[in-house]
DNA sequence: GTCTATAAAAGGATAGAC
DNA sequence: GTCTATCCTTTTATAGAC
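Chains as they are written, first to last, in my numbering: chain A, 1 to 196; chain B, 197 to 392.
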């Protein structure tokens, strides 16, 4: 069926665009990444690219949504523990374009009214829910004590994860997984040694 | 003396520009802040503005350098403890434009070759030195135990501080100082209860 | 120190043909 | 689904007058 053929081709092209957009971001950064450059690399003109995405921001949100889903499926759903979270961070080291995109795009999108503002608000809400589950399960199993303040701990873990990405982008020798592991060990430690 | 008058006027105008640039960033974000908008608000044309700063990035680096120096003088130099660091964070809540500028500008500047890349590398190096001093002094006074890994702890505190700014920009109800205090309490706790 | 004028480039988006 | 053509906007930066 040509209909199916066309459809499949469209899907494939879409995927190709998302991948190439990421390559460009890795090379020149999100701010300097232009639709024209991406279009040319996938053998399209800039208006040809716009056929797939209604706006620049829509394109990059799509890239990040795809990452969210992949990470959820590969690392988080099968193992709802802190190790799953660490696995995402460990994997991020192999996809610098995604890290760069997230850091730059999320920063600019903090301004109210930005096209991607809602996406990031929801992304963080999802991350909070996920880590809340992780800690509550760790409490249920006894690894983490009942005195640990879950929402606060969740915010701290997310903040460290984000902040380390910044440090890692500036200096790739920063070991994000190691530092996050230390933080988690601190949480575990506090659990078994109630404050005076 | 007209020479002194002119000079003083130039200095004052410079200061005014830095302040107005900050206002614009607070309103529309760093990415959307344009030299033209800033120029008009201070009663200059855009080329008139360029007389003071050789480039967009230079202007914003100047804004951040001024903040660095002010924070150092007001909060950090007089009290080289973690409370000084907390005082900076507490103060940041009253200058959202500066927080937004830092988060957006630093994110885009992580790309090698960016005009502000070196500035941020040095900024982070300075922050590390400062917090290293803070912790080592706390160790000397006995507040923090000798088993705490200083460089790692420093990186974690910086990461949390950065990450919380991100969360706070998206939702101003996030209490950065409270969460940082909890983190610090965890460090203190670990100090007095050696791992098994 | 500030302006006018202008460059020069790049950006995203749209209309309409094929 | 993709292109051509084009628009309109915006941006930073420079040259040279006053």
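Heads up, the beta-carbon is just placed ideally off N, CA and C, and yes, glycines get one too.
Proximal residues to residue i (C-beta, below 8 angstroms), its chain only, five neighbours per side dropped
i	result
residue 375 of chain B	356 and 360
residue 352 of chain B	379
residue 285 of chain B	357, 360, 372, 373 and 376
residue 133 of chain A	80
residue 354 of chain B	320, 323, 324 and 327
Environment of residue i [buried if 16+ CB atoms lie within 10 Å]
i	result
residue 140 of chain A	exposed
residue 97 of chain A	buried
residue 94 of chain A	exposed
residue 153 of chain A	buried
residue 415 of chain B	Outside the shown range of chain B, which is 197 to 392, sits residue 415 of chain B, and nothing can be said about it.
residue 197 of chain B	At residue 197 of chain B, the pLDDT of 47 sits below 50, so the modelled position is not reliable; the number obtained from the coordinates is stated separately. Its Cβ having fewer than 16 others within 10 Å, residue 197 of chain B is exposed.
residue 106 of chain A	buried
residue 124 of chain A	buried
residue 127 of chain A	buried
residue 208 of chain B	exposed
residue 71 of chain A	buried
Reduced DSSP secondary structure (H/G/I, E/B, other) of residue i
i	result
residue 181 of chain A	helix
residue 9 of chain A	helix
residue 221 of chain B	helix
residue 343 of chain B	coil
residue 84 of chain A	helix
residue 382 of chain B	helix
residue 159 of chain A	helix
residue 302 of chain B	helix
residue 328 of chain B	helix
residue 289 of chain B	coil
residue 163 of chain B	Residue numbering for chain B in the displayed model covers 197 to 392; residue 163 of chain B lies beyond these limits and cannot be assessed.
residue 243 of chain B	helix
residue 72 of chain A	helix
residue 388 of chain B	helix
residue 31 of chain A	coil
residue 77 of chain A	coil
residue 370 of chain B	coil
7 angstroms Cβ shell around residue i - same chain, five flanking residues per side excluded
i	result
residue 56 of chain A	35
residue 227 of chain B	300
residue 146 of chain A	139
residue 87 of chain A	75
Proximity of residue i and residue j at Cβ, strictly below 8 angstroms
i	j	result
residue 101 of chain A	residue 187 of chain A	no
residue 170 of chain A	residue 316 of chain B	yes
residue 326 of chain B	residue 259 of chain B	no
residue 304 of chain B	residue 48 of chain A	no
residue 14 of chain A	residue 60 of chain A	no
residue 191 of chain A	residue 148 of chain A	yes
residue 306 of chain B	residue 166 of chain A	yes
Cβ neighbours of residue i in the same chain (closer than 6 angstroms, five flanking residues each side left out)
i	result
residue 216 of chain B	234, 237 and 238
residue 69 of chain A	none
heavy atom of the ligand MG below 7 angstroms from residue i C-beta
i	result
residue 110 of chain A	By its list of ligands, the structure shown contains no ligand whatsoever, and the ligand MG lies outside what it can speak to.
Residues within the stretch 61 to 74 of chain A neighbouring chain B, beta-carbon criterion of under 8 angstroms: none
Residues of the stretch 309 to 321 of chain B whose Cβ lies closer than 7 angstroms to any Cβ of chain A, in chain order: When CB distances to chain A are screened at a threshold of 7 angstroms, the residues of the stretch 309 to 321 of chain B falling below it are 316, 317 and 320, in chain order.
Chain B contacts made by the stretch 158 to 173 of chain A, where a contact means CB separation under 8 angstroms: 158, 159, 160, 161, 162, 163, 164, 166, 167, 169, 170 and 171
Contact residues within the stretch 273 to 304 of chain B, judged by C-beta distance below 8 angstroms to chain A: 296, 299, 300, 302, 303 and 304
Cβ-based contacts, 8 angstroms cut-off: residues of the stretch 219 to 234 of chain B near chain A: Going along the stretch 219 to 234 of chain B in chain order, one finds 224, 225, 226, 227 and 228 with a Cβ nearer than 8 angstroms to chain A.
Selection of the stretch 378 to 389 of chain B by Cβ proximity to chain A, strictly under 7 angstroms: 378, 379, 382, 385, 386 and 389
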